[in-house]
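First comes the structure, then the notes that go with it.
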Amino acid sequence: VLAAHTKNLLVEGEIDKLSGSSEVHNVDLDPEALKKSYTDPEQAKKFVAQTGVDIFAAVFGNVHGTFPNQPDLDFELLGKIREALPGTFLSMHGGSGIPADQVREAIAVGKIVKINVNTELRQAFGDALNEKLGENPDQSAYYKLTPDIIEAVMAIVEGKIDVFGSTGKA
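Written as structure tokens, this is what we have:
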């Protein structure tokens with residue numbers, strides 16, 4: 018952290034293990050097991066005080082990947098984390114699959130500044146690639162396929178920019 022700060026760089030840290038993996042899952046999550054991985058606000062406060070990280074990745078119902086029984090976010094806990102870390106930016110790993118209204122609420126309650134949505138972007142890329150390959154099974158000129166694939170990923174990114182309230186911001 019000290020080395021990064023000498024170069025005016027921000028450092029993000031986390032202490033909790035986020036459940037799941039960056040893929041589309043077809044099995045249900047165990048909600049009670051998931052809750053055991055949630056961030057303890059006091060532990061987060063100690064971690065930030067000891068490390069000096071600028072951004073803290075909180076766990077409050079967010080998971081890596083998407084699940085059939087995607088959990089609801091715990092906004093009460095997020096509010097307590099926000100209160101425990103008033104001078105620290107918060108991020109949300111595992112933002113894929115979370116309904117837009119819950120993402121907006123997390124941004125409002127926790128003042129979330131960064132949200133990772135890797136699974137949704139990978140899914141859009143893979144779906145568009147498979148569609149293009151299906152249309153052109155003998156296609157070996159990847160550059161001919163990429164414009165439509167890029168458009169599919171851009172659509173997800175543009176939608177997320179809107180949900181995150183970042184439209185028109187630099």
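Residues in the sequence shown are numbered from 18 upward in steps of one, following the numbering used here. Cβ coordinates follow ideal geometry from the N, Cα and C atoms, glycine included.
Per DSSP, reduced to three states, the secondary structure at PHE181 is coil, with no helix or strand assignment. Here ILE166 is buried: its Cβ has 16 or more other Cβ atoms, across all protein chains shown, within 10 Å.
Annotation: VAL44 is outside any alpha helix (DSSP H) and is labelled neither H nor E by DSSP. In the DSSP annotation of this structure, the continuous segment of the beta strand (DSSP E) that includes THR83 starts and ends at 81-83. Proximity of the segment 142-153 to the segment 114-122 falls short of the contact definition, fewer than three beta-carbon pairs being nearer than 8 Å. When secondary structure is reduced to three states using DSSP, ILE115 falls in the coil class, being assigned neither helix nor strand. Shown here, ALA74 sits in a strand according to DSSP, grouped into three states.
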